[in-house]
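Q: Numbering of the sequence shown is given in the numbering used here, commencing with residue 380 and proceeding in unit increments.
Dropping a structure here in structure tokens format, bear with me for questions.
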Amino acid sequence: MPHLIDTHCHLHFPAYDQDRDAVLGRMREKGIWGITVGTNATTSASGVAFAEQHPDIFAVVGYHPEHLSSSFVPEDEPHEREPYTIESIATIARSSKKVVAIGETGLDFFRIDEDRDRAVAERLQEDALREHLHLAASLRLPVVIHCRDAFTRLAQMLQEEQGNGVRVPGVIHCFTGSWSEAQPLLDLGLHLSFTGIITFPPKKTDDAAQHVHRVIERMPFDRILVETDAPWLTPIPHRGKRNEPAYVQHVAEQVAALRKIDVESVEKQTTQNAQRLFRIG
380 MPHLIDTHCH LHFPAYDQDR DAVLGRMREK GIWGITVGTN ATTSASGVAF AEQHPDIFAV
440 VGYHPEHLSS SFVPEDEPHE REPYTIESIA TIARSSKKVV AIGETGLDFF RIDEDRDRAV
500 AERLQEDALR EHLHLAASLR LPVVIHCRDA FTRLAQMLQE EQGNGVRVPG VIHCFTGSWS
560 EAQPLLDLGL HLSFTGIITF PPKKTDDAAQ HVHRVIERMP FDRILVETDA PWLTPIPHRG
620 KRNEPAYVQH VAEQVAALRK IDVESVEKQT TQNAQRLFRI G
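Below you can see the structure in the form of structure tokens.
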């Protein structure tokens, strides 16, 4: 059984091509399992192939919303070879029992190219999100949601889908919003997952009452997940270096500090939360 589960990483991405076995070794020394996440059809397929080689790695397949509206591609992310279709994601999702969720899908209204019609770009993202939700419902899988600069619209869309009978369990990954943004999503039954960002000291310009730390302090304990989003968002004390799943321990420690409880309780609860949501272990 796992000691902790990194519920969102990209362990099959090129950032680990030179030392992936060593990274896996450091995970296993700490008893950490990982869920590696696709961002397009290419990385979704390779994530499934990677997960099938390792009993403690699972896969999520989907199409990242920023790739529908932006030419930006992170340095460590392989480029997509084919245009987006939900059919290609569905085929990959059905190909393996190691697929534990659909995503990452969602809304990213920050990452829209300036030369694009913004309304059209937002509609493309919204249509793809609905397609991912319907696919997840048909396969009885949870959904992994990315959201940036779109929490209000995301909550509206999920409320609409639930009103139409599409009730899909899931998680907002790398949540960094305020309590007013978190509460509608929690009311919809979603989990919130936190990365190494929560270990960064608040900026002097931050409103302490609106900081993500307040969400961690007051949200239901049985809806908290921890993740790294590795190779990005490296937590303190490793900030500035490449992130890796073994560092999810630091995220758990920060959750414990904020909730004023022992880290063992956070490790146990977040692991149980992940196992229940993704039906693993």
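Just so you know, even glycine gets a beta-carbon here, dropped at the ideal spot from N, CA and C.
Assuming GLY575 contacts THR607 (C-beta within less than 8 Å), just tell me the rounded distance between them.
A: Here residue 575 corresponds to residue number 196 of the sequence shown, with the count starting at 1. Here residue 607 corresponds to residue number 228 of the sequence shown, with the count starting at 1. Confirmed, about 6 Å.
Q: Does DSSP put ASP487 in a helix, a strand or coil?
A: Translated into positions along the sequence shown, residue 487 becomes position 108. ASP487: strand per DSSP, three-state reduction.
Q: Between ALA609, GLU445, GLY544 and VAL630, which lies nearest to PRO616 when the distance is taken from Cα to Cα?
A: Counted from its first residue, the sequence shown places residue 616 at position 237. Comparing Cα positions, the closest option is VAL630.
Q: Roughly how many whole angstroms lie between the Cα atoms of ALA534 and PRO563?
A: What you label residue 534 is simply residue 155 of the sequence shown in a count that begins at 1. What you label residue 563 is simply residue 184 of the sequence shown in a count that begins at 1. One C-alpha to the other measures close to 6 Å.
Q: Near ASP586, what residues of its chain come up, given a Cβ to Cβ distance below 6 Å and the 5 sequence neighbours on each side ignored?
A: Residue mapping note: residue 586 aligns to position 207 of the sequence shown, counting from 1. Same-chain partners within the cutoff: there are none.
Q: Could you have a look at PHE429 and say whether DSSP puts it in helix, strand or coil?
A: As a position in the sequence shown, residue 429 is number 50, starting the count at 1. It is helical.
Q: Assign GLN397 to buried or exposed, taking buried as 16 or more other Cβ atoms, counted over all protein chains shown, within 10 Å of its Cβ.
A: Here residue 397 corresponds to residue number 18 of the sequence shown, with the count starting at 1. So GLN397 ends up on the exposed side.
Q: Counting Cβ pairs, one atom from each stretch, are 3 or more of them under 8 Å apart for the stretch 617–625 and the stretch 400–407?
A: yes
Q: Give the DSSP bridge partners of LEU604, in chain order.
A: Position 225 of the sequence shown, counted from the start, is the residue given in the question as residue 604. According to DSSP, LEU604 bridges with SER572.
Q: Could you pull the start and end residues of the alpha helix (DSSP H) that GLY413 belongs to?
A: By 1-based counting over the sequence shown, the position of residue 413 is 34. For GLY413, no alpha helix (DSSP H) segment is defined; the enclosing uninterrupted segment is the beta strand (DSSP E) at 411–416.
Q: Based on Cα-Cα distance, which residue from HIS552, HIS592, LEU567 and LEU565 lies nearest to THR578?
A: If you number the sequence shown from 1, residue 578 lands on position 199. Here the closest residue by C-alpha is HIS592.
Q: Tell me, please, whether the stretch 445–455 touches the stretch 488–498 by the rule of three or more beta-carbon pairs shorter than 8 Å.
A: Result yes; three or more Cβ-Cβ pairs closer than 8 Å.
Q: Between LEU537 and HIS511, what straight-line distance do the alpha-carbon atoms span, to the nearest angstrom?
A: Along the sequence shown, one-based indexing puts residue 537 at 158. Along the sequence shown, one-based indexing puts residue 511 at 132. Cα-Cα distance, rounded: 12 Å.
Q: Determine the contact status of THR386 and SER572, defining contact as a CB-CB distance below 7 Å.
A: By 1-based counting over the sequence shown, the position of residue 386 is 7. By 1-based counting over the sequence shown, the position of residue 572 is 193. In this structure, SER572 lies closer than 7 Å to THR386 by Cβ.
Q: Please return the same chain residues whose Cβ sits closer than 7 Å to the Cβ of ALA507, not counting the five positions on each side in sequence.
A: Here residue 507 is taken as the residue at index 128 of the sequence shown, counted from 1. Cβ within range, chain order: TYR442, PRO444, LEU447, TYR463 and THR484.
Q: In or out: GLU505 buried (at least 16 other Cβ within 10 Å) or exposed?
A: Counting from one through the sequence shown, the residue named residue 505 turns up at place 126. So GLU505 counts as buried.
Q: Quick check: the stretch 388–395 against the stretch 406–418, are at least 3 beta-carbon pairs closer than 8 Å?
A: yes
Q: Return yes when the Cβ of PHE600 is within less than 7 Å of the Cβ of GLN651, no when it is not.
A: For the purposes of this step, residue 651 is taken as residue 272 along the sequence shown, with counting starting at 1. For the purposes of this step, residue 600 is taken as residue 221 along the sequence shown, with counting starting at 1. No. Outside cutoff.
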